[in-house]
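First up is the structure itself, then whatever we jot down about it.
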């Protein structure tokens, strides 16, 4: 009998196939969204429900488990709050409230729980998000690995930023160094921690970036995502597929820190498939791209770059992401497959 | 100007060999000119084979096929240790993991499917999902440290070629291998397989020989390819510029009617190799006629532990044994043509299972598993491997700049 | 088949060698005895398999220069283009 493997949760093809089979194919279309809103008919960062005054309520829900729960650059509390806030932002919503469910394992230290919750509250508070409800459960020892936090985020959008609206001529902006969270968690999790490294998670809420951009460039930003599981490669492939376009990116333009690139090189990992938890990828109107990039820089995201652009696709097969490599060759960027493991060959 | 004495060679490699678009263009021009000369003398196609999955990786990762002139074909030979690791090793590893022995594996072999199912399980990742004790490591040192810390009975799925084997040999010689750790000795030697492949495939015009294997063996082991088979052979580094330089050299030898072994990867490879490492391997292992997955037994192509170190052999310890020549049976699933793909005889698309029953999500044959398996590379980069498609992409690029 | 990464040796102890891979430091084993701090090495699966040679570093270009010279002789490539290539090869030394 086929069993769930870790690959099914790695955010790649296996997960998509499984969800397709168990959920997307099973639900009739009318069950997939609220009339006039956005649902799992076009899976995006969050879902939306229209309101009577022409706006949208943006909602998202996520479960967070991370090992270790305290990692270089953050902890599961900041991760849960940031992830939720960012998902609302990426659909064009201004986050206003959140609810949480915290499940802990019997024997978990209350002091540790206090630290985690404090950092979650701090993050929400910095973002102006109210925590308006929640649930708390304890599981018998051994039935849960320490702690699981599930958070739901709620926001309001004037206009939705929907990935499928990406169009030819748009430019792709990445707001900062990629793969930082993925690389540092990978190092900690796999016991492949180097003796010394500068690897730190980039986890952070992106309100200071996204709210000004949404307000100023609401019409010029055609798509937005935070490249979490599956990394930049997953995000761009999702975009190309849902918008029916060809995306061409330049390897040299992709911002990546040397230590992250080195770590990936040692283990033979592809940084394009590793998660970020504090980076936004934006598909913006070509003519506005330089101006938007300047604003992104002035908002403190100085590593931001225009990494590529969107083209009309020539043929059906070419609904793809293509990278111009450092020496000028072309390579197709596929969505990641399988649990990410280091390689020696 | 800084002299070579003080320069950061890591950075220098990046600048000079990895991301130098300007230099790539110059070399490509030389390749094109030499190719044009060759065509004048009657060549229509040139088939260059690599024997290293990492060369195949460089080729795809940097899109080299999209840059080369039409007619120059880059073939992948039997250079992926995962693809050629016979099924019986994987089956033994699965069985042990399910019986409570901790199995260490490189990530490369984690999803490698076996032919026979063991308790319904046909790969180490499935074994782990079914409660087997499987740990993915990056190095032997990681595994040894884990054994010492957790004091568990364990075994290491020791796949690999000449490059990977010094680590096992040294860990045994220097008495670093804990007594409760054993090895599933699946090591193979590359030159015998390379000769086997060029013989069976025929029509190989040039060989890009594996640079990292050659750091150990030295460039000298490839002499047979050049002398006996008259094939220009270039020991190449793994940066895109290295591979382009090697292709240029093969074209040059071809145009002059020569066949020599040349070391392009001179910054890391010598003619006689790593004497220390070779000595260590020799002390611990002997060479035997060994099975290659989907291919069969190739004479003098595998490592096995010498008598005095046999106590570290997982097969001895747990009562498995190597199949004899008569016992060895084709260890691919029905219909799978990985054996022919591995030696470069057919392209993945010529196998009727390719992208039908056998996909990256659900691999059926071993070549679809490893990141350097030919089928997987072709599956993930179908269009990159198709020159026509690449011209389309180039066209899009050009039209945009007009 | 054999993934190899370059690093700079920081420390050599009896059993292990500490190598800096560019902001990431790891302990590895060595198959070579004559390793000292400051050396650049090739590491495969946690084992030093080779030392990078400064003397041979530019040897890779020996053959392409020969080919280019021949093409110049044949009148297929201009002398300027050959010199341009040589400039590109030595330019990085100044960076």
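Residue numbers (the working numbering), protein chains in the order written: chain A, 387 to 731; chain B, 457 to 858; chain C, 3 to 97.
C-beta atoms are modelled at their ideal positions from N, C-alpha and C, and glycine is treated no differently.
Cβ-Cβ separation between residue 91(C) and residue 460(B): approximately 12 Å, too far for a contact (criterion under 8 Å). Within the segment 454-494 of chain A, the runs of beta strand (DSSP E) that reach at least 3 residues and sit entirely inside it are, in chain order, 480-491. Taking a Cβ-Cβ threshold of 8 Å, the residues of chain C close to residue 598(B) are 48, in chain order. Within chain A, the C-beta atoms nearer than 7 Å to that of residue 476(B) come from 713, in chain order. When the beta-carbon positions are compared, residue 717(A) and residue 556(B) stay at least 8 Å from each other.
Within the DSSP bridge table, the entry for residue 506(B) names 532(B) and 664(B) as partners.
Look at residue 493(B) here: in three-state DSSP terms it is helix. CA-to-CA, the gap between residue 625(B) and residue 573(B) works out to about 31 Å.
With contacts defined as CB atoms closer than 8 Å, residue 662(A) and residue 566(A) qualify as a contacting pair. Neighbours of residue 637(A) in chain C, taken as residues at a C-beta separation under 8 Å, are lacking, since the least C-beta distance is about 18 Å. Taken in chain order, the complete beta strand (DSSP E) segments of 3 or more residues contained in the segment 653-702 of chain A are 667-670 and 691-697. Sixteen is the threshold: when 16 or more other Cβ atoms of the shown chains lie within 10 Å of the Cβ of residue 506(B), as they do, the residue is buried.
For residue 474(A), no CB of chain B lies under 8 Å from its own CB, so it is not counted at the interface with that chain.
Listed in chain order, the beta strand (DSSP E) elements of length 3 or more contained wholly in the segment 616-672 of chain B are 637-641 and 662-666. If you ignore the 5 residues before and after residue 765(B), its C-beta comes within less than 7 Å of the C-beta of 628 and 740, all in its own chain and listed in chain order. The residues 474, 541, 542, 543, 597 and 600, in chain order, have a CB closer than 8 Å to that of residue 480(A) in the same chain once the five nearest residues on each side in sequence are set aside. In the structure shown, the three-state DSSP call for residue 607(B) is coil. The secondary-structure analysis by DSSP pairs residue 769(B) across a beta bridge with 639(B).
8 Å or more divides the Cβ of residue 756(B) from the Cβ of residue 666(B). When rounded, the separation of the alpha-carbon atoms in residue 577(B) and residue 697(B) is 43 Å. A distance of 8 Å or more separates the beta carbons of residue 565(B) and residue 830(B). Shortest Cα-Cα distance from residue 534(B) to any of 636(B), 746(B), 619(B) and 653(B) involves 653(B). Under the 8 Å criterion on CB atoms, residue 729(A) is classed as interfacial with respect to chain C. With the rule of 3 Cβ pairs closer than 8 Å, the segment 547-562 of chain A does not count as touching the segment 489-501 of chain A. Within the segment 516-591 of chain B, the complete alpha helix (DSSP H) segments at least 4 residues long are 543-554 and 580-585, listed from N- to C-terminus.
Residue 723(A) carries a coil assignment under DSSP once its states are collapsed to helix, strand and coil. Check the Cα spacing between residue 56(C) and each of 800(B), 469(B), 701(B) and 579(B): the tightest is with 469(B). Secondary structure at residue 825(B): coil, using DSSP grouped into helix, strand and coil. Counting along the chain, no beta strand (DSSP E) covers residue 509(A); the unbroken alpha helix (DSSP H) around it starts and ends at 496-512. Here residue 393(A) carries a helix assignment [DSSP, helix/strand/coil].
Of all residues in the segment 773-798 of chain B, none is placed with a Cβ closer than 7 Å to any Cβ belonging to chain C.
Closest by C-alpha distance to residue 452(A), out of 401(A), 396(A) and 416(A), is 396(A). In terms of Cα proximity to residue 47(C), the closest of 53(C), 12(C), 30(C) and 79(C) is 30(C). By the Cβ test, the segment 37-51 of chain C is in contact with the segment 6-17 of chain C, since at least three Cβ pairs between them sit closer than 8 Å. For residue 617(A), the uninterrupted alpha helix (DSSP H) run begins and ends at 617-629, by DSSP.
Residues of the segment 705-739 of chain B with a C-beta less than 7 Å from any C-beta of chain A: none at all.
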